[in-house]
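Working notes, structure below.
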Amino acid sequence: MNKLVIDGGKPLYGELRAQGAKNAVLPILAAASMAEGECIIHNCPGLRDVEKTVIILERLGCKVKREGNTVTIDSSVLTGCRIDEELMREMRSSIIFLGAILTACAKAEVGMPGGCPIGLRPIDLHIKSLKKMGVSIAEEHGYLQCRCERLKGCDVHLDFPSVGATENIMLAAVKAEGTTTITNAAREPEIYDLACFLNKIGAKVKGAGSSVITIEGVEKLHGTEYAIMPDRIVAQTYLIAALITGGRIRICGAEPSHMRAALSLLSEMGAGIKEDETGIELKSSGTLKNVHIIRTMPYPGFPTDIQSPFMALASVAEGTSVFVENIFENRFRHVDELVRMGADIKVEGRSAVVRGVKRLCGANVEAYELRGGAALVLAALSAEGRSTVSGIDYIDRGYEDIEGCLACCGAEICRVCT
Ligand code: UD1
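Each number in our numbering comes from the position in the sequence shown (counting from 1) with 1099 added on.
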């Protein structure tokens, strides 16, 4: 079992380069499978989820080459239309392939999706929207069997601005007959990045980044070269790492406009933040104030993905902070582990009340999901003494070489494989 061993209490100082965004690279790689030609995608992070996506592409018949952070996909002979249950279980975002495979093959057979255990994570919005676009969908033995003559553009209203459903509809709509309009679409920067990529391969997508997206179907999509946007959640995690340890960090290539909600809270808590066109710098003022109340919301609200790292921070801030998790119903699994390290946190339904303590103590803790795992690493960096964090396969889903990045800023951290 792999573990991170962390000797806490060292302030972090240094500079890191923002990695490519996990939540942008996965739908973009799926979209590349629809292009008739070669797509060269730069800035792909070295993550397990990217490896799994490459395996899915290969099983669909694409020729894929990976050199460092560049992935080249040749989809000229897409032969497969099935994604096995085992791959779907490992990575929920593989559901994004549904729209892409239907576009390329007019049929698809995919296992029911899995992913981090942070809640029920239904896919009803994906299914309802694709049915509206003319797809017949049946569930048989854990697989979704999907068929369509040709996808048809239509008006789709999402009851909730789901990121995955918005992406799936966009992929299904790019070559559909006529125009598709998505209302109450998700507005996350990763949706905008996907639209930019789609337009580069010949699609006609307008309005991405707003809540109304219009996609005019086109006949053909071609190859291109594209660089994935920086990962806003990873950048925010490392900013918090500097703040929680009382240090200073600069993240080159991070995009501050994607992080307004979190940056304004970090300033309220006492961080000095400087932004320019090359990145973001955070400097601790030596004191850490509480945050009153954090409510997770769809973008541009406070992101659910950074809730747990902020909770680690609030655990050692002055005063009481309240967290309300509105997106996923099971996203407080890190709480018991933070409590093991000496945090004072009470959970009541979707709310958590955090009373700041002077310091956390090193302990053996376990990650149960990606961002909760990152929160435990942050807590361990600030804690007195040694911590071990197990369950780090979850952390590897979203953070490229987390121990290398933190160590180069002065953290005492290493990976132990047993
Ligand atoms: C994406 C991100 C994830 C982030 C989340 C919310 C990727 C790969 N993952 O996940 O990191 O935490 O957005 O910002 O991009 N829902 C339904 N029915 C559906 C679809 C969603 O009820 O058909 C619900 C979900 O259960 C959840 C909420 O909508 O409560 C948000 O889900 P969604 O925006 O779809 O998140 P993901 O795309 O899974």
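Beta carbons are placed, not taken as given, at the ideal position from N, Cα and C, and that holds for glycine.
Is the beta carbon of residue i sitting closer than 8 Å to the one on residue j?
i     : j     : result
M1358 : A1334 : yes
L1146 : I1512 : no
E1113 : G1509 : Correcting the residue type first, residue 1113 is Gly in the shown sequence and not Glu. Yes. Within cutoff.
N1101 : C1460 : no
L1412 : L1342 : yes
G1308 : P1329 : no
I1172 : S1132 : yes
L1128 : L1159 : no
C1253 : M1232 : yes
G1316 : V1273 : yes
L1381 : L1365 : yes
S1486 : A1462 : yes
V1476 : I1236 : no
K1445 : G1418 : no
I1290 : E1266 : yes
G1119 : G1322 : no
S1356 : G1107 : no
V1163 : C1143 : no
L1250 : L1201 : yes
Relative to the C-alpha of residue i, which candidate in the options has its C-alpha closest?
i     : options                       : result
V1050 : S1450, P1408, G1136 and I1444 : Lying outside 1100 to 1517, the shown extent of the chain, residue 1050 is not represented and no answer is given.
E1483 : F1427, E1376, K1388 and T1344 : T1344
K1319 : H1141, S1175 and L1505        : S1175
P1110 : P1212, G1308, G1378 and L1505 : L1505
E1239 : E1184, F1196, G1233 and V1255 : E1184
V1453 : R1470, A1466, E1468 and D1435 : D1435
D1495 : G1471, A1478, S1481 and C1507 : G1471
V1255 : L1475, L1224, T1395 and V1304 : L1224
D1148 : L1186, I1182 and V1209        : L1186
S1075 : E1376, Q1406 and K1121        : The structure shown does not extend to residue 1075, since the chain is modelled only from 1100 to 1517, so the question has no answer here.
I1139 : I1300, T1282 and G1378        : I1300
L1338 : K1373, M1211, G1306 and K1164 : K1373
T1395 : F1431, K1388 and I1379        : F1431
G1167 : I1182, E1208, E1150 and N1429 : E1150
E1248 : A1294, I1226, A1275 and T1265 : A1275
K1457 : V1415, L1177, I1393 and Y1242 : V1415
G1210 : R1349, C1245 and R1331        : C1245
Y1498 : D1404, A1264 and V1438        : D1404
N1425 : I1200, I1392 and H1141        : I1392
E1468 : C1507, G1455, F1427 and D1500 : F1427
K1227 : E1189, I1200, A1271 and G1306 : A1271
R1439 : I1491, A1479, E1447 and A1117 : A1479
V1464 : S1193, A1199, H1433 and G1179 : H1433
S1489 : V1153, R1514, G1455 and N1429 : R1514
R1181 : R1191, F1401 and K1206        : K1206
So, helix, strand or coil for residue i, using DSSP?
i     : result
C1351 : strand
I1127 : helix
C1204 : helix
R1359 : helix
K1231 : helix
F1296 : helix
G1107 : coil
G1369 : coil
R1432 : coil
E1502 : helix
P1288 : helix
A1478 : helix
L1381 : strand
E1238 : strand
T1517 : coil
M1187 : helix
L1342 : helix
L1243 : strand
T1152 : helix
F1259 : coil
S1489 : strand
C1215 : Since pLDDT at C1215 reaches only 46, below the 50 mark, its modelled position is unreliable, and the value read off the structure follows with that caveat. C1215: coil per DSSP, three-state reduction.
R1042 : Because the chain spans 1100 through 1517 in this model, residue 1042 falls outside it and cannot be assessed.
C1508 : coil
R1181 : strand
N1122 : helix
V1311 : strand
A1271 : helix
G1198 : helix
Please tell me whether, using a cut-off of 7 Å, the distance from the CB of residue i to the nearest non-hydrogen atom of the ligand PLP is below it.
i     : result
F1422 : No copy of the ligand PLP appears in this structure; the ligands present are the ligand UD1.
List the DSSP bridge partners of residue i.
i     : result
P1116 : Looking at the sequence shown, residue 1116 is not Pro but Arg. R1116 is bridged to C1351.
A1334 : According to DSSP, A1334 bridges with nothing at all.
I1392 : V1421
A1264 : Bridge partners of A1264: none, in fact.
V1163 : I1172
Please give me, in chain order, every unbroken run of the alpha helix (DSSP H) with length at least 4 that falls completely inside the segment 1403-1429.
1406-1414
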